[in-house]
Structures are given as C-alpha cells and as structure tokens.
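Residue numbers (the numbering used here): 28 to 275.
Don't be surprised by glycine CBs; every beta carbon is placed ideally from N, CA and C.
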C-alpha cells in the first residue's frame, strides 16, 4: 500500500470511528507501529488530525480564519446563544471569551439586562456597544489575531484581578479524552486563568467541535460546570466525564 493510500485509509477510518489506535491499525494492515506512527505524525503536521497517546483524534475543523468561522453553523450558534442568555441574572459579573458563538450570545441579550461583562476581545467589546445597560471591562495584552483576543502575561494578570459569577469559555475541541482544547498555547493559558476566576464555567459548543481535539489542552471536560450543545449533537454513550449538559 502506497503512503498516500495508507493516509487516505487512516483518515477514512478516523472519520468513521472517531479515533485511531496505532497498534490495532498496524495489526490490521500488516505494518509496523512505527510506520503508522510516522503517518500519523505527518497527518498531524498537515492539520488533518491530532495525535494522542496510542493513536489520534479528529482535528477540530474550526482552525480557519475568523471571517470563515463567522459563516459556520450560524443557526446552531444562534440557538446556543439564546440558551446561554437564559442562564444570566441581573447584576452578574460575566467573563465573556472571544469567538463567533459568543457574538451570537450578544445578539440574544435583552437591551435592558444589567450586567458587567469582562472580555479580552475587542470584537466582543465592540458588539456590546449598543447595549447601554451593560458595563464593559476590556482586558489588554498582545493581540492574537486569529481569535481577536488579548493573550500573554498582561491578559492573564488582568483576569486574575477579576471575580466573576460566570465564564463563557470559547474552545475549538471538546473530547472525553483530551478535554477542552484550543489551537494556541498562550490562548490556552489565559483561558485557564479565566476559568479559575469564575464561580462557574459554561462552554457553548457547535456540533463540529464535539469529539474533536486541538493541540493545546485548556482543562479536562469536568472542569466546566455546564456544556451547552445543539439538540441534535451526538455525544458518547458514557457521559460520566462530561459536565452537566444543556441542549439548545
């Protein structure tokens, strides 16, 4: 079997099974585990999958430019945003991560709901401008353009001075094995600080993020208080490691 054929087979199996186990594939194909691992390394370098101990998981499809992400799963995002707004109470202090799903949350906010929203995303802060009942605190730092959020020591220090009721956390991958993940190490670090400074962490995840992974772990799934998913999104039968689920 040619290398290109092997890689195509691996990707097809990954799409069908949701996980690859190197030892099993080596036995099935009559190849060495080293050959399979080399193929997995090369596919990971191409962004086609994410390597984990013993094999690989699907790569999150959301590692694309922000302009492209705005047009992805728009109906799901609108439903998730409405479900998230239902959790809010007047007077709360809320950490709101960047991301297009959270823009849908802002679109669902009542104009008269008084909140204090803390964000490190200038895009999120700008979207809140038409809502006069909301006080906006903007955290600064080095701008990570892919997500349009501030990262680095200054951003982490800014969030460390906040005590929030809720944190709406943006992620690119949600998997029982790798947990909550994202594509940038500095961004993952800031997200961990955000979670630590909030009484509860809520994750809104579109269907394309479920069962996928990104290179940098933010936290285990159980570190989130609640996970809001589209009603049609499939989750593993054993959901013991998952946070409390809310369907939208």
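Kindly list the residues whose CB is nearer than 8 Å to the CB of residue 64, restricted to its own chain and excluding five residues on each side of it in sequence; keep chain order.
-> On the chain shown, position 37 is the one that residue 64 refers to. Beyond the five residues adjoining it in sequence on each side, residue 64 comes within less than 8 Å, by CB distance, of 49 in the same chain, given in chain order.
By Cβ distance below 6 Å, which residues in the same chain neighbour residue 15 in space, the five residues on each side in sequence not counted?
-> What is shown of the chain runs 28 to 275, which leaves residue 15 out entirely.
Check residue 55 in the structure and name its three-state DSSP category.
-> Residue 55 sits at position 28 when you count from the first residue of the chain shown. DSSP places residue 55 in helix when its eight states are reduced to three.
Going along the chain, which residues of its own chain have a beta-carbon closer than 7 Å to the beta-carbon of residue 75, five neighbours each way excluded?
-> As a position in the chain shown, residue 75 is number 48, starting the count at 1. Excluding sequence neighbours, residue 75 sits near 38 and 86.
For residue 197, three-class secondary structure by DSSP = By one-based count along the chain shown, residue 197 stands at place 170. Residue 197: coil per DSSP, three-state reduction.
DSSP beta-bridge partners for residue 207?
-> Here residue 207 refers to the residue found at position 180 when the chain shown is read from its first residue. Beta-bridge pairing links residue 207 to 201 and 246.
Between residue 52 and residue 152, what straight-line distance do the alpha-carbon atoms span, to the nearest angstrom?
-> To locate residue 52, count along the chain shown from 1; it is residue 25. To locate residue 152, count along the chain shown from 1; it is residue 125. Note on geometry: alpha-carbon atoms of residue 52 and residue 152 lie some 48 Å from one another.
Buried or exposed: residue 213, going by 16 or more other Cβ atoms within 10 Å of its Cβ?
-> Within the chain shown, residue 213 is the residue found at index 186, counting from 1. Label assigned to residue 213: buried.
Does the beta-carbon distance from residue 150 to residue 175 come in below 9 Å?
-> Within the chain shown, residue 150 is the residue found at index 123, counting from 1. Within the chain shown, residue 175 is the residue found at index 148, counting from 1. Closer than 9 Å, so yes.
Drop a sphere of 10 angstroms on the beta-carbon of residue 103, count the other beta-carbons inside from all chains shown, and report buried for 16 or more, exposed for fewer.
-> The count along the chain shown starts at 1 and reaches residue 103 at position 76. Buried.
When DSSP labels each residue in this structure, what does residue 143 get in the three-state scheme?
-> Taking the chain shown and counting its residues from 1, the one referred to as residue 143 is at position 116. Three-state DSSP puts residue 143 in a strand.
Could you check what DSSP says for residue 155 in three-state terms: helix, strand or coil?
-> Here residue 155 corresponds to residue number 128 of the chain shown, with the count starting at 1. Coil at residue 155, not helix or strand.
Would you grab the beta carbon distance between residue 129 and residue 217 for me? Rounded to a whole angstrom, and I think it's under 8 Å.
-> For this step, residue 129 is matched to residue 102 along the chain shown. For this step, residue 217 is matched to residue 190 along the chain shown. 15 Å between Cβ atoms; not a contact.
Could you check if residue 28 is buried or exposed, using at least 16 other CB atoms within 10 Å of its CB as the buried criterion?
-> Position 1 of the chain shown, counted from the first residue, corresponds to residue 28. That one is exposed.
Contacts around residue 237, its chain only, beta-carbon distance under 6 Å, and the 5 residues preceding and following it disregarded = Looking up residue 237 in the chain shown gives position 210. Excluding the 5 residues flanking it on each side, residue 237 has same chain C-beta neighbours closer than 6 Å at 201 and 260, in chain order.
Verify whether the separation of the beta carbon atoms of residue 221 and residue 122 is less than 9 Å.
-> As a first step, residue 221 must be located in the chain shown, where it is residue number 194. As a first step, residue 122 must be located in the chain shown, where it is residue number 95. The answer is yes: Cβ separation under 9 Å.
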